[in-house]
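Worksheet for the structure shown next.
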Amino acid sequence: MRIRISHTIGYDYAEPARHITQILRLTPRDHDGQHVMSWRIEPSIDGRLRAGQDAHGNIVHSFYADGPISALAIRVEGLVETIDLAGAVRGGPERVPCEVYRRDTLLTAPDDALRAFAEEAAAGAGTPLSRMHALMAATAGRMSCRDASGRSGVGAAAAFAAGEAIAQDIAHVFMACARHLGQPARYVSGYVAPSGGLAAGGGAHAWAEVHLDGYGWIGFDSANGLCPVDTHVRVAAGLDYADAAPIRGARQGGGSEHLSVLVAAREAGGRQPAQ
Amino acid sequence: MVAFDEMTGSGQELRPAYDALDRWLKEAPPETLALRRSQAELFFRRIGITFAVYGDEESTERLIPFDIIPRVLTKPEWTRLEAGLRQRVTALNMFLADVYGAKECLKAGIIPPDLVYRNACYQLEMVDFQVPHGVYCHIAGIDVVRVDADTFYVLEDNARTPSGVSYMMENREVMLRLFPELFATHRVAPVDNYPDQLLATLRSVAPRSAPSDPTICLLTPGQYNSAFYEHSFLADKLGVELVEGSDLLVRDDVVYMRTTQGPKRVDVIYRRIDDDFIDPLVFRSDSVLGVPGIIGAYKAGNVTLANAVGTGVADDKAVYSYMPEIVKFFTGEEPILKNVPTWRCREPQDNAYVLDNLEKLVVKEVNGSGGYGMLVGPHADKAQIESFRRKLKASPEGFIAQPTLALSTCPTFVASGVAPRHVDLRPYVLSGANGISCVPGGLTRVALKEGSLVVNSSQGGGTKDTWVLDA
């Protein structure tokens, strides 16, 4: 599938900011299941954009801009060709051993309820792969996915207690359980083109990947209850949301800020409307 | 358990280094000692040297108790100890370079890889990054304890932001003022060149692109940090600016310090802020103490952070238990300093032994420090032991256990007069581009409560001046 992505993250500042520094993880890489045909990042104001790479192999841009800045928009446009590999992620840059992804982080630390849920979900399944599928089904059954606009994440344990969460926290719930069951698991941010079978998608999305012996990394999208197919464009991976966040920023001055996000991911050719 | 006494050995003899001190203690009337002690306290109050105890609601700032009777080491004792410290710190730096680089020690099976990879202190940002001049741990504080005339054990390696060196210096300063007569009869090796050595170390590790007279600053979390006094003390002694995160800014991967003459480029930062808080763009985003972009500047090679990011993976208490093998692997030598025998609770047979012997052992949290989260079995009540039993069963990998060591004692002036109290020693070891240096001695900490083995200032410990006799 060819997926065209258009993503604009806009900030309006109550007072002009004197300086802005941002770390952007907004650029996908090629792997066996996706080929980036074109991609560009365009800040709305003058500044310096430097490309680099982080420990997970993500493409990272540092953006520095001097004020006064009253508004900033980071605009991303691209076209990606995807193939359905049933969730398998191969041919990507793997810079750190998968053992690293068994670590608990602030956002993925399990509590007793999550540990019990994980053990129960996996109890009947024989192989590690079937345990992860059982866990994904149980997570999808337990958690209802809320629209992310205007909401921020709370972490795995709090999200699980609430029973409903935005996609990033559903990924955290799944990862916390997978790690508790001994599997390396990582967070993935990306885009999903809408399709009939998807409950959540049509824009920015988050899911998880699990490393399984004999298979390598496999995606699990618990918000949708399926392994990522050719509707999913993978952008960045990390230990949790904070580690793979599309934008992390800091500024001097600026007062309060207002965030607005416009995102559309759709099959190129325009069969589906933009969100 | 009879502990080795630094002055009297097993209690019968008088050890040579303590001759003159013993005479002085016998001759000095108790009133004089009491007077000197109150004078010492007055000095410390005037200097304003305080520390904060976390979790103590009554007073946030306290004076650390100072004992006026020095702890004495002979030149041969120190020479051997120093050789051991140099060897240990060399190995620590090589270990860090290896786990963030070639990973030879993991391939060779010296240490289980998951202890490194799953360790939250193993900073992924540092993987395959070349630190300036190859030095990771510029300032190390190695806690050692003594159990007999010849044996020192390393109790703990502190490879992140070890504190206490200001007490080492102030203790000497106060002793020189109060007891000039003792310094007339003893040739005590000086410690006041520590700031010069530290400054030389920091200058030596400046980025290669930096000017020959690099700009150095000391980055503190601020006045609410328990070691803030030390930060301002050291900045003053080093003659460098003391800055908080908000005093630094990063532009295009270069760090600048705000000054009245405008931004000034910074080359080396002696940072006393933990990894987690140093850059909100990379580590904890809720940190207001750090400097956004500082890691980007570091990784671009434009600034040196001392200590390097990610040194915590070397002083983790679970990694500690592998230090003898690590020393052997990297230096090719037998370790000069011993490790305390350690049970790794992550290993089921070790944990079973620990659970059966809790009342005899010291149990420590793998990631704890400052004496917090620690069980001293022989001194604990039933409730404390049972609480640790539950913790050990729930998450054994979070703990190690050690035998209760008979830490050496040293004569100490307490309410009842002069009596033996348990001590440890934290020497400070500096690693720069031109090698390792270490001022003679270090900080002696003393457990002031009779029989207590916990020397941490947060748990009722005090300090003493530490003398290394030149002859």
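Heads up: the protein sequence lines correspond to chains G and Z, in order. So for the first sequence, UniProt numbering puts the first residue at 1; every next one is plus one. So for the second sequence, UniProt numbering puts the first residue at 1; every next one is plus one. C-beta: ideal position from N, C-alpha, C; glycine also.
Output yes if chain Z places a C-beta closer than 8 Å to the C-beta of residue i; else output no.
| i | result |
| --- | --- |
| E94 (chain G) | no |
| G99 (chain G) | Sequence check: residue 99 (chain G) is Glu here, not Gly. Yes, its Cβ sits closer than 8 Å to a Cβ of chain Z. |
| A113 (chain G) | no |
| Y64 (chain G) | yes |
| P273 (chain G) | Per-residue confidence for P273 (chain G) stands at a pLDDT of 48, beneath the threshold of 50, marking its modelled position as unreliable; no derived number is given. |
| I45 (chain G) | no |
| I41 (chain G) | no |
| I23 (chain G) | yes |
| A73 (chain G) | no |
| A242 (chain G) | yes |
| R102 (chain G) | yes |
| R48 (chain G) | yes |
| R29 (chain G) | no |
| R248 (chain G) | yes |
| A17 (chain G) | no |
| H55 (chain G) | The amino acid occupying residue 55 (chain G) in the given sequence is Ala; His does not appear at that position. True, the Cβ-Cβ gap to chain Z drops below 8 Å. |
Looking only at its chain, what residues have a beta carbon closer than 6 Å to the beta carbon of residue i, apart from the 5 residues adjacent to it on each side?
| i | result |
| --- | --- |
| R2 (chain G) | E81, A268 |
| P221 (chain Z) | I273, L289 |
| C98 (chain G) | P184, H211 |
| R258 (chain Z) | D247 |
| A91 (chain Z) | I326, V327, F330, T331 |
| W467 (chain Z) | P70, V72, V188 |
| R179 (chain G) | R102, A185 |
| A14 (chain G) | G255, S256 |
| H422 (chain Z) | L407, T409, A447, L453 |
| D221 (chain G) | W207, P228 |
| R172 (chain Z) | V191, D465 |
| P93 (chain G) | G57 |
Ignore the nearest five residues each way along the sequence and tell me which others in residue i's own chain have a CB closer than 8 Å to its CB.
| i | result |
| --- | --- |
| R151 (chain G) | I166 |
| M374 (chain Z) | V362, V363, K364, E365, G368, V454 |
Give me the Cβ distance between residue i and residue j, rounded to the nearest whole Å; I'm assuming they're in contact under 8 Å.
| i | j | result |
| --- | --- | --- |
| V147 (chain Z) | L405 (chain Z) | 6 Å |
| Q34 (chain G) | P43 (chain G) | In fact, because the Cβ distance is near 25 Å, the residues do not count as touching under 8 Å. |
| G238 (chain G) | Y187 (chain G) | 5 Å |
| residue 276 (chain G) | C177 (chain G) | The question about residue 276 (chain G) has no answer, for chain G in this structure spans 1 to 275. |
| V255 (chain Z) | A297 (chain Z) | 5 Å |
| I336 (chain Z) | Q87 (chain Z) | 5 Å |
| R250 (chain Z) | L219 (chain Z) | Looking at the sequence shown, residue 250 (chain Z) is not Arg but Val. At roughly 13 Å, the Cβ-Cβ gap does not stay under 8 Å, so V250 (chain Z) and L219 (chain Z) are not in contact. |
In the DSSP output, which residue or residues are listed as bridge partners for residue i?
| i | result |
| --- | --- |
| N93 (chain Z) | DSSP lists no partner for N93 (chain Z). |
| F399 (chain Z) | Z:E365 |
| H7 (chain G) | G:V76, G:V263 |
| G253 (chain G) | G:A17 |
| L181 (chain G) | Answer by DSSP bridge pairing: none, since L181 (chain G) is not bridged. |
| K338 (chain Z) | Z:Y153 |
| I41 (chain G) | G:V76 |
Any Cβ of chain A within less than 8 Å of the Cβ of residue i?
| i | result |
| --- | --- |
| G239 (chain Z) | The structure shown contains no chain A; its protein chains are G and Z. |
Can you check whether the C-beta of residue i is within less than 8 Å of a C-beta belonging to chain G?
| i | result |
| --- | --- |
| V250 (chain Z) | yes |
| G296 (chain Z) | yes |
| E244 (chain Z) | no |
| L219 (chain Z) | no |
| P113 (chain Z) | yes |
| E58 (chain Z) | For E58 (chain Z), the predicted model reports a pLDDT of 49, less than 50, meaning its position is unreliable; a value from the coordinates is still stated below. Output row for E58 (chain Z): interface = no. |
| E386 (chain Z) | no |
| P280 (chain Z) | yes |
| R426 (chain Z) | no |
| S395 (chain Z) | no |
| V366 (chain Z) | no |
| V127 (chain Z) | yes |
| G293 (chain Z) | yes |
| Y100 (chain Z) | no |
| R118 (chain Z) | yes |
| S285 (chain Z) | yes |
| L124 (chain Z) | yes |
Looking only at its chain, what residues have a beta carbon closer than 7 Å to the beta carbon of residue i, apart from the 5 residues adjacent to it on each side?
| i | result |
| --- | --- |
| M169 (chain Z) | V191, D192, Y194 |
| T215 (chain Z) | K264, R265, V266, D267 |
| P324 (chain Z) | P335, N339 |
| P65 (chain Z) | L448, G462 |
Practice task
Could you pull out every unbroken beta strand (DSSP E) segment of at least 3 residues lying fully inside the region 387–471 of chain Z, listed in chain order?
Solution key: 399–403, 409–414, 417–426, 428–432, 435–438, 443–447, 461–468
Handout entry: Minimum length 4: unbroken alpha helix (DSSP H) runs contained in the region 219–280 of chain Z
Key = The qualifying runs are 228–238, 275–278.
Problem - Whole alpha helix (DSSP H) elements within the region 5–80 of chain Z, 4-residue minimum - result: 19–27, 30–47
Handout entry: Runs of alpha helix (DSSP H) lying entirely within the region 145–221 of chain Z, each at least 4 residues, in chain order
Key = Taking 4 residues as the minimum length, the alpha helix (DSSP H) runs contained wholly in the region 145–221 of chain Z are 165–178, 180–185, 194–204, in order along the chain.
Problem - Whole beta strand (DSSP E) elements within the region 141–179 of chain G, 3-residue minimum - result: 144–146, 164–166
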